[in-house]
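For what it's worth, the numbering used here labels the leading residue of the sequence shown as 7, then goes sequentially.
Here the structure comes first, spelled out in C-alpha cells, and everything after it is commentary.
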Amino acid sequence: MDFSSLLPWLFAIVLLSLPILYFLLPSSKQKAKAYNFPPSPPRLPVIGNLHQLGRIPHYSLWKLSHKYGPIMLLKLGQVPTLVVSSPELAKEVLKTHDLDCCTRPLSRGQKKISYNFLDLAFCPYGEYWREMRKMCVMELFTSRRVQSYWKVREEEVKHLIETIMRGAPRPVQMDDTMFSLTNSVICKIAFGTSHRGNQFENGQIKELLADSMIFLSGFSASDLFPSSVGWIIDLITGHHWKLERCFRNFDTFFQKLLDKHLDPSRPRPENDDIIDVMLGFAQDRTTILKLNKEHIKAILVDIFLGAVDTSSCTLVWMMAELVRNPRVMKKVQKEIRNCMGRKPFVEETELEKLNYFKLVVKETLRLHPPASLLLPHETIRQCKIGGYDVLAKTRVLVNAWAIGRDPKIWENPQDFYPERFEGKDYDFKGQNFEYLPFGSGRRICPGMTMGLTTVMFNIANLLHCFDWKLPNGMKPEEINMEEEFGLNIRNKVPLYLVPVKYNWEGYKT
C-alpha cells in the first residue's frame, strides 16, 4: 500500500483521537519504564511512525537507522514493529531467537475473507506449518525434483528465444517478457499448463499477483488501527474488496486446475506436475498430514506467489544492471560463449561451470533482494534482541536491502561489482547474515533451489544468444533504476532493450 494515499485518513484519526489520549499516556509511560525498549523515532499520536515510512519503506527505514541505530522499535498505528538492519541483529532474530520470532503476523483483513485455503497458506507457526514445510522441503522442492523439470524450462526458454529472434531488432519490453516466461515455466511445473502466448491469461494472472502482493506486504488499515476504524478505512479505500476479489479469483483458478487433474479421462503426463504429486500424498494414508483440496490450494498459493513475481523481478534487475555496466556484460557473455562454444543453447548441466556468471547472480541479489524486508515475522514470546526487551506480538522486519548496501560490510556498496564475491564463501543458505536474499532459519524460502535454477537458466540463454542494446541512442547511465514498493521490489519504469542476434560466424574461442 502507498502510505502517501493514507495520510489524510491518518491525520483525521489523530484529530479525532486527541481527547482520549490524556487517559492513555500515563499507562504508556509506566510500561516504558518497566522495560528496556530499543531506540524509537518520535511518534505522532495514534498513527505512531507511519508517516515516516514514505513511498519506499525499506529506504525510509534505512535512512532512519542512520540516526537511531541498527535496531529500532516503531509503532505502525497500533502495531509495535521491530526493525533490524545489521548482520549481528539479523542473526539474533533469524538464528539465536529463531523460535521466538518465527511466526507470522495474522492479518485482520485475512479473517474477514472467508476462504479456508487462505488461512492455511498464511498460517502462524505450529504443528501444521511444520508438517507442510517438511513436505515442501523433503518432497516438492528437492534438487532431484527441480532437476526433473529441466525439459519444461528448456521448452519455454527456447520458445522465447525463437520469438525474440523473429522480432529482432524490435525493442523488447523486458518486464512483461520476463513475467510471461517465468509464469509459463512455473505454471507448467506446478499445474501442468502453460500460458505461453496467451496475453489475456498472462494479464489476468499479473493483476492477480499485484493484488495479492498488497495483502502480503502486511500493511492494511485494519491491521494498523483499532478494528472498527481500520475496517472503515479499508472499505472506503477499496482495499477490502480488492482482497476479496483477489482470493475469490485464486479459489476459482485453483479449483479449475484441481477438477482438471481429478478428471479420470485426463491423459497422464510423462512427468507428474506438483498438483499430481500432492494428489498422490492426499491418497497416501500413511502420511501424518491428511491433505485435502484446501491444503493443496494453500500450497499452490505459496508456490505461485513465491516463484513467479520474485523470479521475473530478479531477471529484469539483472538485465538492467548488466546493460548499465558494459564491462560486466562483456565479461560474463565471454565466459558463457567460451564455455558453450558453437552450441546454440546453454544446457542446465553447464551452469555449474560458469563461475563468473554465478558471481553476477549473487551481486544482483545483494543489490536487489527479492523481498527487501523479508517476510514479516512476529514474536511468540518476550525475548531480548541486541540487549533490548522485545515483547510478544511484536512484528519484526529484517531490512535485507539495507544490510546488502551497508558500507561497513561492502566496499562501495552502491556499485555493481560481482568480483567482490571472488574467494568468498557467501551462499544462499542463510548462514551468512551479511547476505540474506532468501532469508534464514525456519522461514527461509523453501523454493530457493527452484527459483535460482529458473533465473540462472533463463538469463544465461538470453546472454548467450543475444547482444543487448539500449533503444534510441539511450546511454547506460540514463536507465531509470527507481524502485516501486511491494512485497517484491520491482523497477518503477519498464525496461526496454534491443536484442541483436549473436554472430556465430565470427565466433572465436
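A virtual CB, placed ideally from N, CA and C, is assigned to each residue, including glycine.
Inset, instruction - Find out if the Cβ-Cβ distance for the pair T320, V163 is shorter than 7 Å. - result: No, they are not a contact pair.
Legend entry - Exposed unless 16 or more other CB atoms sit within 10 angstroms - verdict on Q339: When all chains shown are included, Q339 counts as buried.
Inset, instruction - Spell out the partners DSSP gives L88 in its beta bridges. - result: Under DSSP, the beta-bridge partners assigned to L88 are L79 and V402.
Inset, instruction - Mark L406 as exposed unless 16 or more other C-beta atoms lie within 10 angstroms of its C-beta, in which case mark it buried. - result: Before going further, note that residue 406 is Ala rather than Leu in the sequence given. Burial is judged here by how many other beta carbons sit within 10 angstroms of a residue's own beta carbon; A406 has at least 16 and is buried.
Legend entry - Minimum length 3: unbroken beta strand (DSSP E) runs contained in the segment 347-420: Entirely contained in the segment 347-420, the beta strand (DSSP E) runs reaching 3 residues are, in chain order, 389-391, 394-396 and 401-404.
Legend entry - Host alpha helix (DSSP H) of Y65 (start-end): Looking at the DSSP string, the run of the alpha helix (DSSP H) that includes Y65 is P63 to Y74.
Legend entry - Beta-carbon proximity list for A408, same chain, < 6 Å, skipping 5 on both sides: Taking A408 as the centre and dropping the five residues before and after it, the same chain places the C-beta of W68 and S91 closer than 6 Å to its C-beta, in chain order.
Inset, instruction - Look at the alpha carbon of F260 and the alpha carbon of M325, and state the distance between them as a whole number of angstroms. - result: A straight-line Cα-Cα distance of about 32 Å links F260 and M325.
Legend entry - From C451, I391, Q153 and R449, residue whose alpha carbon lies closest to that of D279: Nearest of C451, I391, Q153 and R449 to D279, Cα basis: Q153.
Inset, instruction - Take V396 as the anchor and find which of V89, E160, G312 and G447 has the nearest alpha-carbon. - result: Looking at V89, E160, G312 and G447, the one whose alpha-carbon comes closest to that of V396 is V89.
Inset, instruction - Please report how far the alpha carbon of H246 lies from the alpha carbon of D240, in whole angstroms. - result: About 5 Å.
Inset, instruction - Consult DSSP for L503 and reduce its assignment to one of helix, strand or coil. - result: Strand, per DSSP.
Inset, instruction - Look at the alpha carbon of F185 and the alpha carbon of F463, and state the distance between them as a whole number of angstroms. - result: The alpha-carbon atoms of F185 and F463 are separated by roughly 15 Å.
Inset, instruction - Step through the CB atoms of chain C and report whether any lies within less than 7 Å of the CB of M171. - result: You won't find chain C in this structure, because it holds only one protein chain.
Inset, instruction - Compute the Euclidean distance between the alpha carbons of K414 and M346, then round it to the nearest angstrom. - result: Their Cα atoms are separated by approximately 39 Å.
Legend entry - Between the CA atoms of I495 and P177 - distance to the nearest angstrom: Rounded to the nearest whole angstrom, the CA to CA distance from P177 to I495 is 24 Å.
Inset, instruction - Run the CB neighbour count on F206, radius 10 Å, all protein chains shown included, and call it buried at 16 or more, exposed below. - result: Low confidence applies to F206: its pLDDT is 49, below 50, so where it sits in the model is not reliable, and the reading given next is rough at best. The residue in question, F206, is exposed, as its Cβ has fewer than 16 Cβ neighbours within 10 Å.
Legend entry - Cβ-based neighbour list, P500, same chain, cut-off 8 Å, excluding 5 preceding and 5 following: The beta carbon of P500 is closer than 8 Å to those of Q179, M180, D181 and D182 in its chain, skipping five residues each way along the sequence.
Legend entry - Exposure of H72, with buried meaning 16 or more beta-carbon neighbours within 10 Å: Here H72 is exposed: its Cβ has fewer than 16 other Cβ atoms, across all protein chains shown, within 10 Å.
Legend entry - Three-state secondary structure assigned by DSSP to D229: Secondary structure of D229 (DSSP, three-state): helix.
Inset, instruction - With DSSP as the reference, label K435 as helix, strand or coil. - result: Three-state DSSP puts K435 in coil, outside helix and strand.
Inset, instruction - Counting only the same chain and skipping the five closest in sequence on each side, list residues whose C-beta sits under 8 Å from that of N361. - result: Beyond the five residues adjoining it in sequence on each side, N361 comes within less than 8 Å, by CB distance, of E341 in the same chain, given in chain order.
Legend entry - Cβ distance (whole Å) where K368 is taken to contact Y432 below 8 Å: Here K368 really is in contact with Y432; their C-beta atoms are around 7 Å apart, less than 8 Å.
Inset, instruction - For R343, name the three-state secondary structure that DSSP assigns. - result: R343 sits in a helix when the DSSP states are folded into three classes.
Inset, instruction - Quick one: residues in its chain with C-beta nearer than 6 Å to the C-beta of T459, no 5 flanking neighbours on either side, listed in chain order? - result: Same-chain partners within the cutoff: V152.
Inset, instruction - Determine the DSSP secondary structure at F287, reduced to helix, strand or coil. - result: DSSP places F287 in helix when its eight states are reduced to three.
Legend entry - Under 7 Å between C-beta atoms of Y74 and T109: Taking 7 Å as the Cβ cut-off, Y74 and T109 do not qualify as a contacting pair.
Inset, instruction - Output the distance between the C-alpha atoms of G410 and P45, rounded to the nearest integer angstrom. - result: Their backbone Cα atoms lie some 22 Å apart in a straight line.
Inset, instruction - Counting only the same chain and skipping the five closest in sequence on each side, list residues whose C-beta sits under 6 Å from that of L79. - result: Taken in chain order, the residues that qualify are F43, P44, S46 and L88.
Legend entry - Beta-carbon proximity of F197 to L263, cut-off 7 Å: F197 is a Cβ neighbour of L263, given a cutoff of 7 Å.
Legend entry - Rounded Cβ spacing between V366 and P424 (contact assumed at less than 8 Å): Taking 8 Å as the upper bound for CB-CB distance, V366 and P424 are in contact here, some 5 Å apart.
Inset, instruction - Leaving aside the five residues before and after L27 along the sequence, list all residues of the same chain whose C-beta is less than 6 Å from its C-beta, in chain order. - result: Unreliable placement is indicated for L27, whose pLDDT of 44 sits below 50; no coordinate value is reported for it.
Legend entry - P257 - containing alpha helix (DSSP H), residue span: Sequence check: residue 257 is Asp here, not Pro. Counting along the chain, the alpha helix (DSSP H) containing D257 begins and ends at H245 to L268.
Inset, instruction - Under 8 Å Cβ to Cβ from V322, same chain only, skipping five residues before and after it: list those, please. - result: So the list reads M180, D181, M184, R496, N497 and L501, once near-sequence residues are dropped.
Legend entry - Start-end ranges of the alpha helix (DSSP H) lying completely within the segment 123-164, minimum 4 residues: The alpha helix (DSSP H) runs lying completely inside the segment 123-164 and spanning 4 residues or more are 133-141 and 149-154, given in chain order.
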